[in-house]
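Trainee: Provided herewith is a single structure, encoded as structure tokens, for subsequent inquiry.
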Amino acid sequence: MKRNLIILFTLFVGFAACKPDGLPGIGDPVNKLDLISGNWQLDKVVQVDLNAVKYNFPYKELDVTAVAPFNQFKLSFALNNGAPATFTTTPGNSPKFIPFASGNWQVDDKKIPQKIDLSSGPDTVKMQLGPSNGLQSGTLIIQLIKGDGVKSLLRYDYYFKKI
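In this text, residue positions in the sequence shown follow the numbering used here: the first is 324, and each later residue adds one.
Given below as structure tokens:
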């Protein structure tokens, strides 16, 4: 009985001595548009079969970077007072997956952009932004989805490195 009281007293003192730790602040939010702006060079292109992903087939994606000189493609985004303004492309000998040499760019949300529209005159290329956690380390992922007009079939993930 005496031993049980000693154990109980020790546990009580141990728990009473514990104090909750305060959580540290996570810092200021990162401005994604500032991270997107600048000069980028295409580093890698991955083709993703969306049906294979949907039905869990074994071969879902293929690195097609070596098929053409994709690494010659350069893309530049400019801001005007913190808002998306203009872009320019320098394709070199790479395939022109963005058919414009220059134009304007817009995002769906300035704080958490998920979609990016590149336009020149009346024409627009609608793309998705990949995960934004790579932006701080200098990696921009832009995704272009291709289909037959009704169904999405392929997605191309373009990995850019900041230059």
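Where a beta carbon is used, it is the ideal one built from N, C-alpha and C, also for glycine.
(1) Find out if the Cβ-Cβ distance for the pair GLY415, PRO381 is shorter than 8 Å.
(2) Any beta-carbon of chain B closer than 8 Å to the one on TYR378?
(3) If you check the beta carbons only, do LEU467 and SER417 fall under 8 Å apart?
(4) Only counting the same chain, and skipping five residues up and downstream in sequence, which positions put a Cβ closer than 7 Å to that of ASP431?
(5) Leaving out five residues on either side along the sequence, give the residues of the same chain with a beta carbon under 7 Å from the beta carbon of ALA339.
(6) Could you give the uninterrupted runs of the beta strand (DSSP E) lying entirely in the stretch 328–414, keeping only those of 3 residues or more?
(7) Where does the unbroken beta strand (DSSP E) through ASP471 begin, and where does it stop?
(8) For the beta strand (DSSP E) containing MET324, name the first residue and the last one.
(9) Suppose you measure from the CA of LEU398 to the CA of ASP386; what does that come to, to the nearest Å?
(10) Is PRO343 buried or exposed, if buried means 16 or more other CB atoms sit within 10 Å of its CB?
(11) Note the first and the last residue of the continuous beta strand (DSSP E) segment covering GLY426.
(12) Which partner residues of LYS439 appear in the DSSP bridge assignment?
(13) Relative to the C-alpha of ILE359, which residue among SER443, LEU477, ASP471 and GLN429 is closest?
(14) Are the CB atoms of PHE410 and LEU441 nearer to each other than 8 Å?
(15) Is ARG453 near ILE464, with beta carbons less than 8 Å apart?
Mentor: Quick answer:
(1) Here the question's residue 415 lines up with position 92 in the sequence shown. Here the question's residue 381 lines up with position 58 in the sequence shown. Result no, Cβ atoms of GLY415 and PRO381 do not sit closer than 8 Å.
(2) The structure shown has no chain B; it contains just one protein chain.
(3) If you number the sequence shown from 1, residue 467 lands on position 144. If you number the sequence shown from 1, residue 417 lands on position 94. Cβ atoms of LEU467 and SER417: not closer than 8 Å.
(4) Along the sequence shown, read from residue 1 onward, the residue named residue 431 stands at position 108. Contacts found: GLN437 and LYS438.
(5) Translated into the one-based positions of the sequence shown, residue 339 becomes position 16. Answer for ALA339: no residue qualifies.
(6) 361–372, 384–386, 397–403 and 406–413
(7) Working through the sequence shown from its first residue, we reach residue 471 at position 148. That residue, ASP471, is in no beta strand (DSSP E); it is neither H nor E in DSSP.
(8) The count along the sequence shown starts at 1 and reaches residue 324 at position 1. Where MET324 is concerned, there is no enclosing beta strand (DSSP E), given that its DSSP letter is neither H nor E.
(9) In the sequence shown, counting from the first residue as 1, residue 398 sits at position 75. In the sequence shown, counting from the first residue as 1, residue 386 sits at position 63. Approximately 20 Å between the Cα atoms of the pair.
(10) Your numbering for residue 343 matches position 20 in the sequence shown. Its Cβ having fewer than 16 others within 10 Å, PRO343 is exposed.
(11) By 1-based counting over the sequence shown, the position of residue 426 is 103. Note, GLY426: beta strand (DSSP E), 425–430.
(12) Residue 439 sits at position 116 when you count from the first residue of the sequence shown. In the sequence on display, residue 439 carries Ile and not Lys. ILE439 pairs with VAL430 and MET450.
(13) If you number the sequence shown from 1, residue 359 lands on position 36. Checked all of SER443, LEU477, ASP471 and GLN429; the closest Cα to ILE359 is GLN429.
(14) Stepping through the sequence shown from its first residue, residue 410 is reached at position 87. Stepping through the sequence shown from its first residue, residue 441 is reached at position 118. Yes, the Cβ-Cβ distance between PHE410 and LEU441 is below 8 Å.
(15) The residue labelled residue 453 in the question sits at position 130 within the sequence shown. The residue labelled residue 464 in the question sits at position 141 within the sequence shown. A quick correction: the sequence has Gly, not Arg, at residue 453. Yes, the Cβ-Cβ distance between GLY453 and ILE464 is below 8 Å.
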